[in-house]
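In the order they appear, the protein sequences are chains F and H. Each residue of the first sequence is one higher than the one before, counting from 1 in the numbering used here. Each residue of the second sequence is one higher than the one before, counting from 1 in the numbering used here. We put the beta carbon where it would ideally sit given N, CA and C, even for glycine. Please read all numbers here as calculations on a predicted model, not as lab measurements.
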Amino acid sequence: MIERWFEGTRWGREWILVGAMALIVATLSACSEGESDLLNPRGPRGGIATLPETTRVSTSDRDRSFRPRVATGGASVLFLSREGEVQSEAYFRFDLAALPDTSGVERANLGLRFRRTDSGPVVIEAFEVSPSAEDWDESTLREALPRVEPAFFSSTLPIAPGAGDTLYVSNAVTIPGSLIRAWKLDPDHNRGLVVRIAEASAGRSIEVLSKEAALTDTAGYALVNPRLEVLRGEDQTSAIESPDDDTYFLTDGRTAAAGDAVELRVSGRPAERGLLRFSLPEVLRRGFTVNRALLRLRMVPGSVVPGDSLLVGAYLSTTDWTEATEPASVNRGSTAFDFARARANSDTLEFDCALAVQHWIDSGENYGLQLRSATEGGDTLAVRVYTREAESTLRPSLEIVFTRPPAPRWEDEVTR
Amino acid sequence: MSARLVRVFAMVHRTFVALGAVALLAGAGQAQSLWNAEGLGGWNEGYDLASRGTGYTAIGRVDPFGMSSLNPAALAWARRPAAHFGLLLENSWVKTDSDGSGGRTGTTRLPAVLVALPLSRGVGINLGFRDLTTGFYRYKATIHEGSGDAFERSLEGTGGLGQFQCGVTARALESRLALGAQLGVVGGTLRDLIRDDFEDDAYQDTRNLLRTRAEGGRPVTFGFQAQPIEALECGGFVTASTRLDVRSLFDNRTAQKEESRGHLDLPPGLGLGVTAHASARWRLSFDWSQRRWSEHDFALAGQEVGRGFTRLGDASRIGFGITRVPGEHPPKDPLASRSVYRAGFTRAILPVRQADGAEVAEWALTAGVGLPIQFDRGYVDGLFEFGKRGSASKTDLSETFLRLGMSVTFARLAEAF
């Protein structure tokens, strides 16, 4: 019977071929990508179904504040201060290459825009930075430079901007023609000038807008600020220059909170940063994936003034430090892995530190975290948070969600 | 170079070109069985698709176009230089009693490529490649659905172990006895990719890649086939144990690598088969094979005893098949009457076990057809398999699978056919 069926007509053979082709096409289509939504419920390698786990580090094992020597060249304001142990002076340097010649140059006026602080009118003075001083630019200046005494300029009228206003003084500093000529003729020894508050205004401070302030006039055109106006004979303007470098350097004679203090402080100016380190639980080993690491810091009530808000960035510390002594500097990663905003009405700062914890696990190097004001050098906003020396409910904590790596195929997850 | 060698090389060249074309069609391997995530993956004994159509029977069947290399003597009957390659498509439906739901998975792969070259005086050689284990599986599910830490977990297994093999065969006693010996080189990599993609961007996703690499295995297999009387064929094979060096390499997205090494002594295997000619056109065949995985030896590098792979147990397979051969037919007869028809049933115990030690069994109903190429120069073999692996009540997981396969086995083709 089977023979008769197969040995049928020519049409029968063709239909068999058509059917076979259809079956192949149908199966090819059916074998499209798909996946099961079931695991092997009792498979020995249940570990490939290992779920993320959570561990909590109840407190840091080191924490403290430190005052870094920071380069403030990127700040939009230059800070001048002569308040007790806080001394700050501003540095300017002009590249005079565009100045065609020095013939007839009598002087130059440095125009500055001042912004008031609450400490009253100030008198300023200016010095030439010693031509033998180490070369500098605004991104690297982290120490005071030697100057040529005495001051080549002292203002005669106090500068007193109004509240909430910016006062432009076109000749805030008058630079003698001899200095302009020296900078022009010997640019390799042009170290610029330094401006500070005069002794007569001790106890006061003021802010100066820097070239990073990016000012525009009413028509929207960019303003040259600070503005150097080089004058030749009979007060004819020869050239207008903006500084190539402007920055300030602040020295703070006070010490940061000690390592055993119950608070640490993060501040924009004077710059103060927080350092924290957590010992990771032994359960975390190389090869684990950190899905989330939530750092919780309890804020000290009242540490942020109502209406203010401070953006704090969390960075990876890349050099070691100790709690016992204030470090001169602690290197950090170039970019923050997370930011949190501190407001007067918030009581906790939270940062996602997954990338940092992953780095500590993978590299075996754990120098902790560094908290830094996002506007460091630019404002005086600050926040204080509790340290591990505070009572247990206020201490910094780290909650880590992690996933174990899959075990080798020959390891039995059930008994692992 | 002799004209014969030139033709042989030309044939090999054409074979590999055809193979490449089929490989392109096949595309990337996809999921197959969740049990492939265990052990060294799903074990393939080495049956060609024609034998699978006959209920996985080949050990004791004499076939000039037989390419089931588990018994190396089965390759002794080729009368002309012959090449073989196959393509296998599979779809599986998964079910469990735990939550009652399931999923569909599929796979496409090339199970074997073989070339058999008869020399003179009944002596022949063969060489090729076949997949030894299959690591394909795929799983995807949402975990902690609705909560803040919800994530989609996807597991994907790919790769497998393969075996390059070469063999020598000889026929004796007026072609009533064939002997074969085969040396294999085992190697390959199983890849498990585990990904957790969190819905909340606050979480870092997990991406772990585990690679299990095996190399160094040199299995030696001896086999025989005999036809003591016209109506009876039989055969058997023995595969010696071989040591496999295994390494587990792990990468996560931060490019960390953890490596552990060990060695695994693949257990010996043996099989017996018999085929009876029920009539001039009907043949009944039976196969039994076993590999004693419970006696495998595994140890981590530097350690005497390892506790790995403890969930492996003895694997065995039996198969029953019935074949209708066309008999003598003139070339101009209809194709259907010149074709070979096959059907069978097979049952196997897989080497992997559940965590509680439960055996995982598989059964399948199989059918196949062999369409002749140029009358007597080879066959295009089609395979249909429907079966079930595991048991929702005994192993808490069962997979119903449907396989469709196609292979081509052909000798040197006549140019003016």
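Just the Cα atoms here: how many angstroms apart are residue i and residue j?
i                         : j                            : result
arginine 311 of chain H   : arginine 291 of chain H      : 15 Å
glycine 157 of chain H    : proline 396 of chain F       : 42 Å
glutamate 474 of chain F  : arginine 324 of chain H      : Residue 474 of chain F falls outside the range modelled here, since chain F spans only 1 to 416, and no answer is possible.
serine 334 of chain F     : leucine 398 of chain F       : 22 Å
tryptophan 288 of chain H : serine 316 of chain H        : 7 Å
arginine 130 of chain H   : cysteine 166 of chain H      : 11 Å
glutamate 125 of chain F  : serine 363 of chain F        : 51 Å
valine 330 of chain F     : tryptophan 321 of chain F    : 7 Å
arginine 269 of chain F   : phenylalanine 249 of chain F : 11 Å
leucine 96 of chain F     : glutamate 138 of chain F     : 17 Å
asparagine 190 of chain F : isoleucine 180 of chain F    : 9 Å
asparagine 71 of chain H  : arginine 61 of chain H       : 10 Å
leucine 210 of chain H    : phenylalanine 288 of chain F : 13 Å
threonine 375 of chain F  : valine 266 of chain F        : 11 Å
glutamate 419 of chain F  : aspartate 260 of chain F     : Residue numbering for chain F in the displayed model covers 1 to 416; residue 419 of chain F lies beyond these limits and cannot be assessed.
methionine 67 of chain H  : alanine 74 of chain H        : 7 Å
alanine 344 of chain F    : leucine 209 of chain F       : 27 Å
alanine 78 of chain H     : tyrosine 139 of chain H      : 43 Å
aspartate 201 of chain H  : histidine 263 of chain H     : 42 Å
Against chain H, with Cβ distances strictly below 9 Å, would residue i count as a contact?
i                        : result
serine 36 of chain F     : yes
valine 290 of chain F    : yes
arginine 277 of chain F  : no
glutamine 358 of chain F : yes
isoleucine 48 of chain F : yes
glycine 274 of chain F   : no
valine 57 of chain F     : no
proline 44 of chain F    : yes
asparagine 40 of chain F : yes
Run through the DSSP bridge pairs and tell me what residue i is partnered with.
i                         : result
threonine 96 of chain H   : Beta-bridge pairing links threonine 96 of chain H to no other residue.
lysine 257 of chain H     : H:Asp251
glutamine 163 of chain H  : H:Arg130 and H:Val186
leucine 215 of chain F    : Looking at the DSSP assignment, leucine 215 of chain F forms no beta bridge with any residue, so it has no partner.
threonine 338 of chain F  : First, the amino acid is wrong: residue 338 of chain F is aspartate here, not threonine. Per DSSP, F:Ala314.
arginine 332 of chain F   : F:Ser317
histidine 189 of chain F  : Its beta-bridge partners do not exist; DSSP assigns none.
lysine 140 of chain H     : H:Ser154
valine 123 of chain H     : H:Ala170
glutamate 359 of chain H  : H:Arg353
methionine 406 of chain H : H:Leu87 and H:Gly382
serine 267 of chain F     : F:Glu272 and F:Ala382
Considering residue i, what are the terminal residues of the beta strand (DSSP E) in which it resides?
i                        : result
isoleucine 48 of chain F : Looking at the DSSP string, isoleucine 48 of chain F is not in any beta strand (DSSP E), and its letter there is neither H nor E.
leucine 300 of chain H   : 297–300
alanine 276 of chain H   : 269–277
serine 178 of chain F    : No beta strand (DSSP E) holds serine 178 of chain F; the alpha helix (DSSP H) holding it covers 177–185.
serine 205 of chain F    : 205–209
glycine 148 of chain H   : Looking at the DSSP string, glycine 148 of chain H is not in any beta strand (DSSP E), and its letter there is neither H nor E.
arginine 291 of chain H  : 282–291
9 Å is my cut-off, CB to CB: does residue i come that close to chain F?
i                         : result
leucine 24 of chain H     : Note that leucine 24 of chain H scores a pLDDT of 39, beneath 50, so its modelled location is shaky and nothing firm can be said.
alanine 150 of chain H    : no
serine 154 of chain H     : yes
arginine 61 of chain H    : no
valine 352 of chain H     : yes
tryptophan 43 of chain H  : no
valine 340 of chain H     : no
tyrosine 203 of chain H   : yes
tyrosine 379 of chain H   : no
alanine 358 of chain H    : yes
threonine 254 of chain H  : yes
alanine 21 of chain H     : Low confidence applies here, because alanine 21 of chain H scores a pLDDT of 45, under 50, leaving its location unreliable and the question unanswered by this model.
alanine 343 of chain H    : no
asparagine 208 of chain H : yes
Which residue comes first and which comes last in the alpha helix (DSSP H) that contains residue i?
i                         : result
isoleucine 361 of chain F : 354–363
alanine 50 of chain H     : 49–53
Could you list the residues in the region 164–197 of chain H with a C-beta less than 9 Å from some C-beta on chain C, going in chain order?
-> Protein chains in the displayed structure are F and H, and chain C is not among them.
Uninterrupted alpha helix (DSSP H) stretches inside the region 306–343 of chain H (no shorter than 4 residues) = Runs of alpha helix (DSSP H) with 4 or more residues, each lying fully within the region 306–343 of chain H, are found at 335–338, listed in chain order.
Run through the region 53–136 of chain F for me and flag every whole beta strand (DSSP E) of 3 or more residues, listed as ranges in chain order.
-> For the region 53–136 of chain F, the continuous beta strand (DSSP E) assignments of 3+ residues that do not extend past its boundaries occur at 53–57, 62–66, 77–83, 86–93, 107–115 and 124–129, in sequence order.
Contained beta strand (DSSP E) runs [length at least 3] in the region 224–258 of chain F, N- to C-terminal order = 227–231, 237–241 and 245–252
Beta strand (DSSP E) segments (min. 3 residues) lying fully within the region 270–312 of chain F = 273–277 and 289–298
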